[in-house]
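A.B. asks: This structure is in structure tokens; I'll ask about it shortly.
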């Protein structure tokens, strides 16, 4: 007799894997702020520019900690677009974020901007390209993050 096991959403979390988008965003923020701290300069990538003002080591326990450091001006954070800003804000406020949905919301917003009379098609097209670049970069970083979780589980 053959058995088929369907493993769905939540299986990884039920086995104590840190695979939520919130945990991924926290890993990403810690990684890039650490790089900025070590280099002493702003780190730029398709999602944001980030720099540590006072050059001291920091590791964020929550995404909210990161936002608090930006409010205190110890971290200089400039998101590349509203999509990036929303996923970080939602991860902090709600401890949950739907990255695909936020991407779609931003894409629809840009489409509506394109429909407005007098809006520059070139400007909107640049924003769409920037959004797609951010989304692709985020997917690459998610694959990197999940690969690291898999490796930790093997040890």
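Residue numbers (our numbering): 4 to 158.
For every residue, glycine included, the Cβ atom is placed at its ideal position computed from N, Cα and C.
If we require 3 or more residues per run, which beta strand (DSSP E) segments fall completely within the stretch 28-111?
C.D. replies: Counting only runs of 3 or more, we get 51-55, 78-82.
A.B. asks: Going by DSSP in three states, residue 150 sits in which element: helix, strand or coil?
C.D. replies: As a first step, residue 150 must be located in the chain shown, where it is residue number 147. Looking at residue 150 - three-state DSSP - the assignment turns out to be helix.
A.B. asks: Excluding five sequence neighbours on each side, which residues of the same chain lie with their C-beta closer than 7 angstroms to the C-beta of residue 158?
C.D. replies: Locating residue 158 in the chain shown gives position 155, where the first residue counts as 1. In this prediction, residue 158 scores a pLDDT of 49, lower than 50, which makes its location untrustworthy; the coordinate-derived value is nonetheless stated afterwards. Excluding residues within five positions, none has a Cβ falling inside 7 angstroms.
A.B. asks: Apart from the five residues just before and just after residue 54, which ones in its own chain have a Cβ nearer than 6 angstroms to its Cβ?
C.D. replies: Sequence index remark: in the chain shown, residue 54 carries index 51 (1-based). Answer for residue 54: 39, 45, 79, listed in chain order.
A.B. asks: Residue 72 to residue 118, Cα distance in whole Å?
C.D. replies: Numbered from its first residue, the chain shown carries residue 72 at position 69. Numbered from its first residue, the chain shown carries residue 118 at position 115. C-alpha separation (whole angstroms): 38 angstroms.
A.B. asks: Quick check: the stretch 118-127 against the stretch 95-102, are there 3 or more CB pairs under 8 angstroms?
C.D. replies: With the cut-off at 8 angstroms, the stretch 118-127 and the stretch 95-102 do not touch.
A.B. asks: To the nearest whole angstrom, what separates the beta carbons of residue 49 and residue 104, a pair I think is in contact under 8 angstroms?
C.D. replies: On the chain shown, position 46 is the one that residue 49 refers to. On the chain shown, position 101 is the one that residue 104 refers to. In fact, because the Cβ distance is near 20 angstroms, the residues do not count as touching under 8 angstroms.
A.B. asks: May I have the straight-line CA-CA distance separating residue 85 from residue 51, to the nearest angstrom?
C.D. replies: Taking the chain shown and counting its residues from 1, one reaches residue 85 at position 82. Taking the chain shown and counting its residues from 1, one reaches residue 51 at position 48. About 11 angstroms.
A.B. asks: Figure out for me which residue from 112, 147, 146, 144 has the closest Cα to the Cα of residue 131.
C.D. replies: Counting from 1 along the chain shown, the entry for residue 131 is found at position 128. Per the Cα distances, 112.
A.B. asks: Would you identify the three-state DSSP class for residue 120, choosing helix, strand or coil?
C.D. replies: Start at 1 with the first residue of the chain shown, and residue 120 comes out as number 117. Coil at residue 120, not helix or strand.
A.B. asks: Go ahead and label residue 62 buried or exposed: buried means 16 or more other beta carbons lie within 10 angstroms of its beta carbon, across all protein chains shown.
C.D. replies: Counting from 1 along the chain shown, the entry for residue 62 is found at position 59. It counts as exposed.
A.B. asks: Using the Cβ count rule (16 or more neighbours within 10 Å means buried), how would you classify residue 90?
C.D. replies: To locate residue 90, count along the chain shown from 1; it is residue 87. By the neighbour-count rule (16 or more Cβ atoms within 10 Å), residue 90 is buried.
A.B. asks: If we count the other Cβ atoms within 10 Å of its Cβ and call it buried at 16 or more, is residue 83 buried or exposed?
C.D. replies: The residue given as residue 83 occupies position 80 in the chain shown. Answer is buried; the Cβ neighbour count reaches 16.
A.B. asks: How should residue 144 be labelled, buried or exposed, when 16 other C-beta atoms within 10 angstroms of its C-beta is the threshold for buried?
C.D. replies: The sequence position of residue 144 within the chain shown is 141, counting from 1. Residue 144 should be labelled buried.
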